[in-house]
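Participant: Here you go, one structure.
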Amino acid sequence: MAENIRVIAVPDHLAEELERALAVIRDEMRTASPDARDSDIVLERQVDRGMLGGFAGEALLYVGGVVAATMTRKWVEEVLWPRVKPTLEKHSHEVFDLLVRIAEGHD
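Written out as structure tokens, the structure is:
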């Protein structure tokens, strides 16, 4: 990932839905930029890292590279969301809000 990596805490109940959104983000980013890499946006659940305590019940989303540089609210609303929404089973409003926060740089 790029040097300027943003780390965003994600409630655990959104992690599975967000994984679906990330697959679409990666696909769209590869279409938009040949420099995009899957590692530009990564969701890591705390149990995957073997950590307990502090961040228990959350996952961490790492955003850098092409994703951090090019993701905008307009892109989320017009390009990404129409592709992501049909893949979600629940929590769509929360996932949308999180994607907008990422695009607007609010952690």
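Our numbering puts the first residue of the sequence shown at 14, with every later residue one more than the last. From the three backbone atoms N, C-alpha and C, an ideal C-beta is built for every residue, glycine too.
Let me make sure I understand the geometry here. Which of V108, I115, D48 has the alpha-carbon closest to that of H26?
Facilitator: Mapped onto the sequence shown, residue 26 falls at position 13. Nearest option by C-alpha distance: V108.
Participant: Unbroken alpha helix (DSSP H) runs of length 4 or more, entirely within the segment 20-44: which are they?
Facilitator: List check, alpha helix (DSSP H) in window: nothing returned.
Participant: In angstroms, rounded to a whole number, what distance separates the CA positions of F68 and H104?
Facilitator: One-based indexing of the sequence shown puts residue 68 at position 55. One-based indexing of the sequence shown puts residue 104 at position 91. Because F68 carries a pLDDT of 48, less than 50, the predicted location of this residue cannot be relied on, and the following value inherits that uncertainty. Near 21 angstroms, if we compare the C-alpha coordinates of H104 and F68.
Participant: Start and end of the beta strand (DSSP E) containing A72?
Facilitator: For the purposes of this step, residue 72 is taken as residue 59 along the sequence shown, with counting starting at 1. 71-76 is the extent of the beta strand (DSSP E) around A72.
Participant: Which one of I54, A34, A49 has the shortest CA to CA distance from I127?
Facilitator: Lying before the first or after the last residue shown, residue 127 is absent from the chain, which here runs from 14 to 120.
Participant: Give every residue of the same chain whose Cβ lies closer than 8 angstroms to the Cβ of L101, excluding the five residues on either side of it in the sequence, and list them in chain order.
Facilitator: One-based indexing of the sequence shown puts residue 101 at position 88. Only E30, R33, A34, V108 meet the Cβ criterion.
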